[in-house]
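Residues in the sequence shown are numbered consecutively from 139, following our numbering.
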Amino acid sequence: MNIKQLFACVLIAIFCGCNPNSGNSSKEQVVESIQKKEFKKNDELYNSAGKLVSEFDFNLKPTEERKKDWPDGIIPWISLENPGPEISQLISADEVVIKEKTINVIFDYPLNNPHTFAFTNENGFSRKDLILLISKKYHDLYKEEELTSSVKTIPVDKRTGLINRNETQGKYGIWGHDLSDLDLSGIEVHETDNGTINIILIVES
């Protein structure tokens, strides 16, 4: 989890703390609880992922109409919900950035219950390969979460206060963000002592 994500957690926590129906916990207690949980999850994730061996970004070239919003000529992320239309803008899309045939990708945000999935490609993985695989898996996760949760996602037009996605209690425990909120800005490649390649996603929201 990066600073941007943690800030989102704090905002959600403050809102919950201000809600008279949210229990007796103070805003400070709610924020502290969420911070501790996320920092602990982050520590466990990095401790088990192995040594950092490389990292790379997912940058886009802005279209003509968007250049005024990105004067340096770089959009520092790509959509996780619908990356297809942005693939043509993805810088070095076809560069093979991971040469190994099999990788484990850790999906931890915004999931209370992180899961790891293996992906295989005989020719290694380019940025284009990775964003398409990761996007499809996120779609699968959100769909499975909805099917396995007794608490359903509140439609955006029915939400009050902060319009963040409500927390659901399915297989993954997704909270705080719809898939449309998520962008991929980078990837960290970690390697364990036995040669396993673990991928940590840098997800913006």
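Ideal Cβ positions, reconstructed from N, Cα and C, are used throughout, including at glycine.
Just so we're clear, the structure is a prediction, and the values are computed from it rather than from any experiment.
What residue range is occupied by the uninterrupted alpha helix (DSSP H) comprising residue i?
{"i": "GLU284", "result": "265 to 286"}
Once DSSP output is grouped into helix, strand and coil, what is the label at residue i?
{"i": "ASP321", "result": "strand"}
{"i": "GLY161", "result": "In this predicted model, GLY161 has a pLDDT of only 45, less than 50, meaning its place in the structure is not dependable enough to derive any value."}
{"i": "LEU183", "result": "helix"}
{"i": "GLY344", "result": "The structure shown does not extend to residue 344, since the chain is modelled only from 139 through 343, so no value can be given for it."}
{"i": "VAL294", "result": "helix"}
{"i": "GLU202", "result": "helix"}
Using C-beta distances below 6 Å, list every residue in its chain close to residue i, excluding the 5 sequence neighbours before and after it, in chain order.
{"i": "GLY308", "result": "GLU283, THR286, SER287"}
{"i": "ASP319", "result": "SER343"}
{"i": "VAL234", "result": "GLY262, SER264"}
{"i": "PRO200", "result": "TRP208, ILE213"}
{"i": "ASN242", "result": "THR254, ALA256, ASN336"}
{"i": "ARG204", "result": "none"}
Between the alpha carbons of residue i and residue j, how many angstroms are there, rounded?
{"i": "ASN197", "j": "ILE236", "result": "17 Å"}
{"i": "PHE257", "j": "LYS206", "result": "38 Å"}
{"i": "ILE216", "j": "ALA231", "result": "11 Å"}
{"i": "GLY311", "j": "TYR276", "result": "13 Å"}
{"i": "ASN336", "j": "ASN251", "result": "17 Å"}
{"i": "ASN162", "j": "GLN227", "result": "Note that ASN162 scores a pLDDT of 47, beneath 50, so its modelled location is shaky; the value from the coordinates is reported in the next line. Cα-Cα distance, rounded: 49 Å."}
{"i": "LYS189", "j": "GLU202", "result": "40 Å"}
{"i": "THR240", "j": "LYS296", "result": "42 Å"}
{"i": "THR298", "j": "ILE292", "result": "10 Å"}
{"i": "VAL294", "j": "LYS281", "result": "17 Å"}
{"i": "GLU193", "j": "LEU300", "result": "34 Å"}
{"i": "GLY222", "j": "ASP210", "result": "23 Å"}
Could you spell out the range, first to last residue, of the beta strand (DSSP E) harbouring residue i?
{"i": "HIS253", "result": "253 to 258"}
{"i": "SER192", "result": "189 to 195"}
{"i": "VAL235", "result": "234 to 236"}
{"i": "LEU228", "result": "Looking at the DSSP string, LEU228 is not in any beta strand (DSSP E), and its letter there is neither H nor E."}
{"i": "LEU339", "result": "335 to 342"}
{"i": "THR240", "result": "240 to 245"}
Around the C-beta of residue i, are 16 or more other C-beta atoms found within 10 angstroms, so that it is buried, or is it exposed?
{"i": "SER186", "result": "exposed"}
{"i": "ASN302", "result": "buried"}
{"i": "GLU268", "result": "Position check: residue 268 holds Leu in this sequence, whereas Glu was assumed. Its Cβ being crowded by 16 or more others within 10 Å, LEU268 is buried."}
{"i": "GLU224", "result": "buried"}
{"i": "LEU218", "result": "buried"}
{"i": "SER273", "result": "buried"}
{"i": "LEU279", "result": "buried"}
{"i": "ASP246", "result": "buried"}
{"i": "VAL327", "result": "buried"}
Measure from the C-beta of residue i to each C-beta in chain D and report whether the shortest distance is under 9 Å.
{"i": "ASP246", "result": "The displayed structure is made up of one protein chain only, and chain D is not part of it."}
For residue i, I'd like the list of residues in its chain whose CB is within less than 8 Å of its CB, leaving aside the five on either flank, ordered along the chain.
{"i": "ASP321", "result": "TRP215, ILE216, SER217, LEU218, VAL341, GLU342, SER343"}
{"i": "LEU183", "result": "ILE244, ASP246, PRO252, ILE338"}
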